[in-house]
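Student:
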Amino acid sequence: MEYTKVENGYALRVDKGEEIIEKITELCEKENIKAGSIVGLGAADHAIIGLYNVGEKQFHKKELNMPMEISSLIGNISRKDGEVYLHCHITVCDQDTIARGGHLVECTVAATAEIFITEYDTEIGRKEDDITGLNLFEF
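According to the numbering used here, the sequence shown is numbered sequentially starting from 146.
(1) Under three-state DSSP, which class holds E201?
(2) What number of angstroms, rounded off, separates the C-alpha of N221 from the C-alpha of L249?
(3) Span of the alpha helix (DSSP H) holding L172?
(4) Looking at the unbroken beta strand (DSSP E) that takes in K225, where does it start and where does it end?
(5) Take D160 as the anchor and find which of V254, E283, V151 has the nearest alpha-carbon.
(6) Let me know if K168 comes out buried or exposed under the rule of 16 or more other beta-carbons within 10 Å of its beta-carbon.
(7) Please list, in chain order, all residues of the same chain as G247 whose beta carbon is under 8 Å from its beta carbon, the five residues on each side excluded.
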């Protein structure tokens with residue numbers, strides 16, 4: 146992983162074999178980012194994505210192990226109990242250009258991932274919602 150400061154945030158390169166959520170979290174901790182947005186693309190060979198079923202209050206995950214293009218990575222940065230909290234979604238495409246997407250649990254880079262983080266001059270927290278079971282924004 147390498148990154149540099151840019152206007153309003155950071156440009157981040159995640160390298161082959163590195164895990165995207167781990168590296169974004171590492172940057173956020175090191176730079177003390179308390180609120181922000183994430184956008185990126187790249188290539189992966191492993192991902193765990195999922196869907197949260199609100200009615201069941203249960204997360205359904207799917208593991209993908211194949212060469213994939215990361216056609217879209219989008220998310221936000223907040224804090225829960227003082228710790229970095231990432232909420233990211235991803236769309237990946239296989240060699241037949243079949244797209245799969247959902248909530249990003251983990252993703253290992255196959256070649257590179259190029260990510261921009263926009264930092265906001267505020268702190269946004271998270272609090273568990275009793276109705277949905279989700280950790281919602283807390284202002």
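Glycine is no exception: its CB is placed at the ideal position from the N, C-alpha and C atoms.
Tutor: On the basis of the coordinates in this document:
(1) coil
(2) Just so you know, the alpha carbons of N221 and L249 end up roughly 12 Å apart.
(3) 165 to 176
(4) 213 to 225
(5) V254
(6) By the 10 Å Cβ count, K168 comes out buried.
(7) I194, G195, L196, K207, H234, I235
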